[in-house]
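Notes follow once the structure below has been shown.
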Amino acid sequence: MTALYITRRIKNVIMIGVVIIALIIAFGKSQIINAFLKPSDIMGQTPKKAEEMFNKSKYDTKIELKYITKDIKEIKRAVDDIIITNDLNTIYSKSSSNNIAKLIEIPRDDYKEIITSLRNHEELKSDELVQSAESAPIESLKQRIKDEEKIKEKLLNDLTQVRSVYETENLQQNLKRQNDTLDSLRQSLTAKKQQTNNVLAKIDISKFVSRADVTQHAFKSFLATFVISLLFISVALFVIYFIIILFTKLFSILGIKTTHGKPSRYGSTSSYGYGYDYGSKKKIKRKYIRKPRSGESENSEEHKDKEDK
Numbered sequence: 000m001t002a003l004y005i006t007r008r009i010k011n012v013i014m015i016g017v018v019i020i021a022l023i024i025a026f027g028k029s030q031i032i033n034a035f036l037k038p039s040d041i042m043g044q045t046p047k048k049a050e051e052m053f054n055k056s057k058y059d060t061k062i063e064l065k066y067i068t069k070d071i072k073e074i075k076r077a078v079d080d081i082i083i084t085n086d087l088n089t090i091y092s093k094s095s096s097n098n099i100a101k102l103i104e105i106p107r108d109d110y111k112e113i114i115t116s117l118r119n120h121e122e123l124k125s126d127e128l129v130q131s132a133e134s135a136p137i138e139s140l141k142q143r144i145k146d147e148e149k150i151k152e153k154l155l156n157d158l159t160q161v162r163s164v165y166e167t168e169n170l171q172q173n174l175k176r177q178n179d180t181l182d183s184l185r186q187s188l189t190a191k192k193q194q195t196n197n198v199l200a201k202i203d204i205s206k207f208v209s210r211a212d213v214t215q216h217a218f219k220s221f222l223a224t225f226v227i228s229l230l231f232i233s234v235a236l237f238v239i240y241f242i243i244i245l246f247t248k249l250f251s252i253l254g255i256k257t258t259h260g261k262p263s264r265y266g267s268t269s270s271y272g273y274g275y276d277y278g279s280k281k282k283i284k285r286k287y288i289r290k291p292r293s294g295e296s297e298n299s300e301e302h303k304d305k306e307d308k
């Protein structure tokens, strides 16, 4: 399998392009520039799911506690002890080496004691209490359930008095819809009681690192990303190169003419006998001497004899 003819200039352009692309990818992924611009950084971000669950929840009272610490394991251990000791319900929990996010329910009766324990840490940097503006009173839900139950009782009484099949089927469908409404209201009442009797707490623990650590982490990430990108792009180019050679070989077997091949030594030749050698910078001039025919040579000899006489 013959190799493609690529000039040295094209090879250099390809190599420079590969390095530039790998550098762009490495700069983008590692964010090494931000490491030098920021004096410090907080590694680890709160998961989006935890943020969405906390913001969309309909608890009457919500509180957000944010801890920033160099030793993430120590504060995690302290928070876990409080959760286990008070048997708190954990709605959501996600842990990583740089961030821990939890959503827990704190009973309103024990709220002051538990929240005091959670606040008793120097690592606590943010403490925000949120009161829900959209709150349906429990008493209104209870009253609505009573009203719907009266409607259900009336439907049951009507069902015992009807005689036609059509009226019976119609009342049964209405009764089914009424039961679905009551089930939905009872579920809302249960959830509302839970949201009213408990306080939703979002606990966010992030690891704080110094500028030197941030720079070191970003530099390692930059080198790793650069090497991986360089290898990946190089392998991709080699694969494309061999695919082109394979197709060129296949076309030659099928008899299809291609431009692939070694460059000819003499690129062009004029009808005047001038050839241009592309292998050198010199223009080569070839002179062709025309030989006279046999008849012409005899006449020339006779002409010479007459002149001698």
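Okay, so the sequence shown: first residue is 0 according to numbering that gives the first Met the number 0, each after it adds one. Note that beta-carbon positions come from the ideal geometry of N, C-alpha and C, so glycine has one too. Owing to the predicted nature of the structure, the values given are computational and were not obtained by experimental measurement.
Would you mind working out which of the options sits nearest residue i, comparing C-alpha positions?
i, options, result
"R76", "I62, N88 and I99", "I99"
"D109", "E121, V129, N97 and D86", "D86"
"E152", "K48, Q172, Q177 and P136", "Q177"
"K206", "A21, V12 and Q44", "Q44"
"M52", "L199, I31 and K111", "L199"
"I138", "T115, L184 and Y91", "The sequence shown places Glu at residue 138, rather than the Ile named in the question. Checked all of T115, L184 and Y91; the closest Cα to E138 is L184."
"Y57", "L229, T195 and V226", "A small correction: the amino acid at residue 57 is Lys; Tyr does not occupy that position in the sequence shown. Of the listed residues, the one whose Cα sits closest to K57 is T195."
"S96", "K48, V208, I32 and T167", "V208"
"E112", "P136, I82 and T89", "I82"
"I90", "K48, I31 and V226", "K48"
"V17", "T247, G254 and L230", "L230"
"I23", "I232, T115, L236 and Q186", "I232"
"P46", "I114, I13, S92 and E166", "S92"
With 16 as the cutoff for other CB atoms within 10 Å, does residue i come out buried or exposed?
i, result
"V125", "The amino acid at residue 125 is misidentified as Val; the sequence shows Ser. When all chains shown are included, S125 counts as exposed."
"S94", "exposed"
"N197", "buried"
"S29", "buried"
"D80", "exposed"
"S163", "exposed"
"S159", "It should be pointed out that residue 159 corresponds to Thr in this sequence rather than to Ser. That one is exposed."
"T224", "buried"
"A190", "exposed"
"I19", "exposed"
"V161", "exposed"
"D55", "The sequence given here has Lys at residue 55, not Asp. Classification for K55: exposed."
"V78", "buried"
"I202", "buried"
"F250", "exposed"
"F246", "exposed"
To the nearest whole angstrom, what separates the beta carbons of residue i and residue j, a pair I think is in contact under 8 Å?
i, j, result
"L154", "L174", "5 Å"
"D157", "L170", "6 Å"
"V129", "K61", "4 Å"
"I144", "L188", "7 Å"
"E50", "E127", "Going by Cβ atoms, the distance from E50 to E127 rounds to 13 Å, so no, they are not a contact pair."
"F218", "I31", "6 Å"
"I204", "I74", "6 Å"
"A21", "F221", "Rounded, the Cβ-Cβ distance is 11 Å, inconsistent with contact."
Which first and last residues belong to the beta strand (DSSP E) in which residue i is found?
i, result
"V198", "N197 to V208"
"K69", "Per DSSP, K69 belongs to no beta strand (DSSP E) and is neither H nor E."
"T89", "N88 to S94"
"E127", "L123 to Q130"
"I99", "N98 to P106"
Does any residue of chain E have a CB that is nearer than 8 Å to the CB of residue i?
i, result
"K248", "In the structure shown, chain E cannot be found, because there is only a single protein chain."
Can you tell me where the alpha helix (DSSP H) with residue i in it begins and where it stops?
i, result
"T159", "I137 to Q160"
"G51", "For the record, residue 51 in the displayed sequence is Glu; it is not Gly. It spans K47 to K55 - the alpha helix (DSSP H) in which E51 sits, taken as one unbroken run."
"N11", "R7 to S29"
"I114", "Y110 to R118"
Worksheet item: Does the region 111–123 come close enough to the region 58–77 to have 3 or more Cβ pairs within less than 8 Å?
Response: yes
*contact_flag[the region 7–19, the region 204–212] where n(CB pairs < 8 Å) is 3 or more*: no
Inset, instruction - Tell me, please, whether the region 89–106 touches the region 233–242 by the rule of three or more beta-carbon pairs shorter than 8 Å. - result: no
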